[in-house]
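Report on the structure given below.
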Amino acid sequence: SKNENLPLFEITLKECISLEISESARNEYSAVIAEWQDINEAKIKSIKVGSGENIYKMQISQPKNDNEAFKKAQAKLNELQKGGLNGRCELIGREIRAGGKLKIKDINMDHYEFSIKSVSHNFNDSVYVIGIEFES
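Be aware that the sequence shown starts at 2, since it is given in the numbering used here, and climbs by one per residue.
Here is the structure:
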């Protein structure tokens, strides 16, 4: 399969400063509303993607335009409707890249290989912290 060539990163629970994993049910939400503060017009704006009663509301930073807000809301709706496991963790200075696969040892999920959605890098108090967002 095409995923066999992706780099695999393994981390252990004790390496994690924080770890959260949540399970989302498929099709729980049928719409997403993204809200943001419009600084120029000094009011709250929103955009809705999807339809129906089960609405997920999210706050976003002010987008460059409505299309960017729409894309963020659409991505969130896709994520919510896909279901499965989503998570994030922080750990100190490892080279881990988005797009790869992640295995977390010592959490009774050793058989799970997560897809790494994004990686953020932060320096604080002379410590190099990386944040990883992943999904099953």
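Each residue gets a CB set at the ideal place from its N, CA and C atoms; glycine is no exception.
Please read these numbers as outputs of a predicted model, since none were measured by experiment.
Are residue i and residue j close, meaning C-beta to C-beta below 9 Å?
i, j, result
"R95", "E21", "no"
"S1", "W37", "Outside the shown range of the chain, which is 2 to 137, sits residue 1, and nothing can be said about it."
"I131", "N125", "no"
"T13", "K106", "yes"
"C17", "E91", "yes"
"I117", "I93", "no"
"K83", "V33", "no"
Among all the DSSP beta bridges, which residues are the ones paired with residue i?
i, result
"H1", "Outside the shown range of the chain, which is 2 to 137, sits residue 1, and nothing can be said about it."
"A35", "I48 and M59"
"L86", "E24"
If we count the other Cβ atoms within 10 Å of its Cβ and call it buried at 16 or more, is residue i buried or exposed?
i, result
"Y30", "buried"
"I45", "exposed"
"N109", "exposed"
"I48", "buried"
"G144", "Lying before the first or after the last residue shown, residue 144 is absent from the chain, which here runs from 2 to 137."
"I56", "exposed"
"I40", "exposed"
"V120", "buried"
"S2", "Confidence in S2 is poor, its pLDDT being 48 and thus under 50, which makes the residue's placement unreliable; the coordinate value appears in the next sentence. Classification for S2: exposed."
Which whole-angstrom value describes the C-beta separation of residue i and residue j, a residue pair presumed to lie in contact below a C-beta threshold of 8 Å?
i, j, result
"M59", "A35", "5 Å"
"S137", "L81", "Actually they are not in contact, since the Cβ atoms of S137 and L81 sit about 14 Å apart, beyond 8 Å."
Is the stretch 9-20 close to the stretch 96-105, with three or more CB pairs under 8 Å? yes
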